[in-house]
Structures are given as C-alpha cells and as structure tokens.
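K.L.:
My questions will all concern the structure given below.
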Amino acid sequence: MYKLLFKPLLFLLEPEAAHQLTIKIFNLILSIPGCATLFKKFYFIDDPKLKVHLWGLEFPNPVGLAAGFDKDGKYFGTMSHLGFGFIEIGTVTPLPQPGNDKPRLFRLPQDLGLINRMGFNNDGVGAMVSRLRNRKNNTILIGGNIGKNKITPNENATDDYVICFEALFDLVDYFVVNVSSPNTPGFKGIAGKSTIDTTPFCTDSSK
Ligand SMILES: Cc1cc2nc3c(=O)[nH]c(=O)nc-3n(C[C@H](O)[C@H](O)[C@H](O)COP(=O)(O)O)c2cc1C
C-alpha cells in the first residue's frame, strides 16, 4: 500500500512538505477515538528481553527516534504511539533560527536515502520548554539534543550548550550534546575533545 499509493503521492511533494503532511495526517488519525490505543497496542512490545538499563534509566527497548525528526518538541506525543523506546528531540539552540535556505533536504531515491542540509532550524529552547511543560504523556523517555546558534562564535559555544542544558534539565531524561554539524559554517571545528569545557554539564550522573 505504501509503495503503490502513498510513496508516489508523497514524492510529488518536497521532502520537508511531505514530512509535515504525514505528521499532520498521523495526528488526525490518532484523534479518532480508539486509534491511539490501537496503535500503541499494535506497535509497543513489552518484553523484558528488550529492556536496556543505561544512565540510571530503563529504556523499554533500544529503538529510538533520532534527532531531527522532532526538532522543536512538537511531535513526541504523536510519535510515542509507534513503539519507540525513546525519542530524541532537537537539535535545539538557545535562540530560534530559520536554518539554511530551502531547498535543504534532498531525496536520493536510488540509495533509499536523504541528504540533509537543514542547518539547525528550530524555534529555540524557550518554545521547547513550554511544549515540554504541557506534555501529557510522561511515559516515553525523551532525550534533549542541544546545539549552538549559528551567530554564536565557536569559542562561546559552551555558553549556548549551558543555556539549553539548564533550560531543559528538569524536562528531559538525558542529553545529547551536538558538537558536529557540517551544516553550520565552521562548526565542525569544535568537535575536538579539547575544545569544549564539559565541566558545566557534570552536575548529575543520571543526566
Ligand atoms: C532531515 C534530517 C534532519 C536531521 N536533523 C538532525 C538534528 O537536528 N540533530 C541531530 O543530531 N541529527 C539530525 N539528523 C541526523 C539523524 O538524527 C540521524 O543521525 C541520521 O538520520 C542517521 O540515522 P540512521 O543512522 O538511522 O540512518 C537529521 C537527519 C535528517 C535526515
């Protein structure tokens, strides 16, 4: 059904538009009474063999949704119906930023892949905090993937990470510090071990 019907239709749209549309349709489906429970029942496998214990957390299974799908913390509730063991939101930066000019996402149909040159487009950590505070579903584990704004010089990158880290500390279950985006000019340079001072993050071993 996907290959015959949905895929050809979705491929008529730009990849980013297809991404937004599919989430909206999925949200709509979930709003039909009983559908959310049905999806959870179908996709969520509760098997002790799949559980992973890491960083003081229990992940129900090792398959998570990667960062970039839900850059702003808008869809983790929706996506939690598909059986993921965790959902990583972000990459989020202290200030909102538009990311690179479009088009910035390209399909590689023969390789079954994508080229992503998004450039950390996001609504900023403040907007993400508000959404997480209103979170209804507290059962899914959420990772906060944090980055630096394009306008922040590399030597001040730690300040940006600390802002996001502190803002999200009580709202997410673990952090990912994103130190390497080829889509932010000059940013690959800070991925070296010595460049980033990690002491501000060492406050609680469980996060
Ligand atoms: C459109 C798109 C946006 C992404 N945005 C981010 C991001 O903001 N932060 C991040 O750490 N990774 C981002 N990624 C990378 C994914 O999280 C993931 O690492 C990558 O797609 C490889 O996944 P795979 O190993 O399952 O193929 C993005 C990927 C895509 C395709």
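Its first residue numbered 131, the sequence shown is counted upward by one per residue in the numbering used here. We put the beta carbon where it would ideally sit given N, CA and C, even for glycine.
Considering only heavy atoms of ligand 1, does any lie closer than 7 Å to the CB of residue 246?
P.N.:
Counting from one through the sequence shown, the residue named residue 246 turns up at place 116. Flag set: Cβ of residue 246 near ligand 1.
K.L.:
Kindly identify the DSSP beta-bridge partner or partners of residue 218.
P.N.:
Within the sequence shown, the letter at position 88 stands for residue 218. The partner list for residue 218 (beta bridge, DSSP) reads 273.
K.L.:
Secondary structure at residue 205, three-state DSSP: helix, strand or coil?
P.N.:
Numbered from its first residue, the sequence shown carries residue 205 at position 75. Of the three classes helix, strand and coil, the one that applies to residue 205 here is coil, per DSSP.
K.L.:
Could you tell me the boundaries of the alpha helix (DSSP H) in which residue 236 lies?
P.N.:
Here residue 236 corresponds to residue number 106 of the sequence shown, with the count starting at 1. Element bounds for residue 236: not the alpha helix (DSSP H) but the beta strand (DSSP E), 235 to 238.
K.L.:
Could you say if the segment 256 to 266 and the segment 170 to 181 meet the contact criterion of at least three C-beta pairs nearer than 8 Å?
P.N.:
They do not touch, by the three-pair rule.
K.L.:
Does the distance between the C-beta of residue 166 and the nearest non-hydrogen atom of ligand 1 fall short of 7 Å?
P.N.:
Residue mapping note: residue 166 aligns to position 36 of the sequence shown, counting from 1. Flag unset: Cβ of residue 166 not near ligand 1.
K.L.:
From residue 254 to residue 303, what does the alpha carbon distance come to, in whole angstroms?
P.N.:
Locating residue 254 in the sequence shown gives position 124, where the first residue counts as 1. Locating residue 303 in the sequence shown gives position 173, where the first residue counts as 1. Spanning the two alpha carbons is a distance of roughly 19 Å.
K.L.:
For the alpha helix (DSSP H) that residue 295 lies in, which residues bound it at each end?
P.N.:
On the sequence shown, residue 295 is found 165 positions in, with the first residue counted as 1. Counting along the chain, the alpha helix (DSSP H) containing residue 295 begins and ends at 287 to 298.
K.L.:
According to the neighbour-count rule (16 or more other Cβ atoms, all chains shown, within 10 Å of its Cβ), is residue 242 buried or exposed?
P.N.:
Position 112 of the sequence shown holds residue 242. Result: exposed.
K.L.:
Between residue 206 and the rest of its own chain, which residues show a CB-CB distance below 7 Å, the 5 nearest in sequence each way excluded?
P.N.:
Within the sequence shown, residue 206 is the residue found at index 76, counting from 1. Same-chain partners within the cutoff: 200, 217, 219, 270, 272.
K.L.:
On a CA-only basis, which of 285, 283, 308 is nearest residue 295? Give me that one, please.
P.N.:
For this step, residue 295 is matched to residue 165 along the sequence shown. Measuring from the Cα of residue 295, the nearest candidate turns out to be 308.
K.L.:
Could you pull the start and end residues of the beta strand (DSSP E) that residue 159 belongs to?
P.N.:
For the purposes of this step, residue 159 is taken as the residue at position 29 of the sequence shown. Counting along the chain, residue 159 falls outside any beta strand (DSSP E), though it belongs to the alpha helix (DSSP H) covering 145 to 160.
K.L.:
Less than 8 Å separating the beta-carbons of residue 181 and residue 174?
P.N.:
Taking the first residue of the sequence shown as 1, we reach residue 181 at position 51. Taking the first residue of the sequence shown as 1, we reach residue 174 at position 44. Against a cut-off of 8 Å, the Cβ pair of residue 174 and residue 181 comes out as no contact.
K.L.:
Determine the direct distance from the alpha carbon of residue 210 to that of residue 287, and round the result to whole angstroms.
P.N.:
Translated into positions along the sequence shown, residue 287 becomes position 157. Translated into positions along the sequence shown, residue 210 becomes position 80. Taking the straight line joining both Cα atoms gives about 31 Å.
K.L.:
Got a sec, what are the start and stop residues for the alpha helix (DSSP H) residue 305 sits in?
P.N.:
As a working mapping, residue 305 is identified with position 175 in the sequence shown. Note, residue 305: premise wrong, no alpha helix (DSSP H); beta strand (DSSP E) at 304 to 307.
K.L.:
Hey, residue 276 and residue 314: beta-carbon distance below 8 Å or not?
P.N.:
Locating residue 276 in the sequence shown gives position 146, where the first residue counts as 1. Locating residue 314 in the sequence shown gives position 184, where the first residue counts as 1. No, they are not a contact pair.
K.L.:
Rounded to the nearest angstrom, how far is the Cβ of residue 249 from that of residue 237, given a contact under 8 Å?
P.N.:
Taking the sequence shown and counting its residues from 1, one reaches residue 249 at position 119. Taking the sequence shown and counting its residues from 1, one reaches residue 237 at position 107. Wrong, their Cβ atoms sit about 18 Å apart, outside the cutoff.
K.L.:
Which residues does DSSP pair with residue 251 in a beta bridge?
P.N.:
Reading the sequence shown from its first residue, position 121 is the one you call residue 251. Per DSSP, none; premise fails for residue 251.
K.L.:
So, under 8 Å CB-CB, residue 301 and residue 244 are touching, yes? Tell me the CB distance rounded to an integer number of Å.
P.N.:
Taking the sequence shown and counting its residues from 1, one reaches residue 301 at position 171. Taking the sequence shown and counting its residues from 1, one reaches residue 244 at position 114. With 8 Å as the limit, residue 301 and residue 244 do not qualify as a contact, their Cβ atoms being about 29 Å apart.
K.L.:
Excluding the 5 residues preceding and the 5 following residue 177 in the sequence, name in chain order all residues of the same chain whose CB lies nearer than 8 Å to its CB.
P.N.:
Within the sequence shown, the letter at position 47 stands for residue 177. These residues qualify, in order along the chain: 191.
K.L.:
Say yes only if the C-beta of residue 187 is nearer than 7 Å to one or more non-hydrogen atoms of ligand 1, and no if none qualify.
P.N.:
Sequence index remark: in the sequence shown, residue 187 carries index 57 (1-based). It does not: the Cβ of residue 187 is nowhere closer than 7 Å to a heavy atom of ligand 1.
K.L.:
Less than 8 Å between the CB atoms is what I'm expecting for residue 252 and residue 226, so what's the real figure, rounded?
P.N.:
Within the sequence shown, residue 252 is the residue found at index 122, counting from 1. Within the sequence shown, residue 226 is the residue found at index 96, counting from 1. Contact flag correct, Cβ pair sits at about 7 Å.
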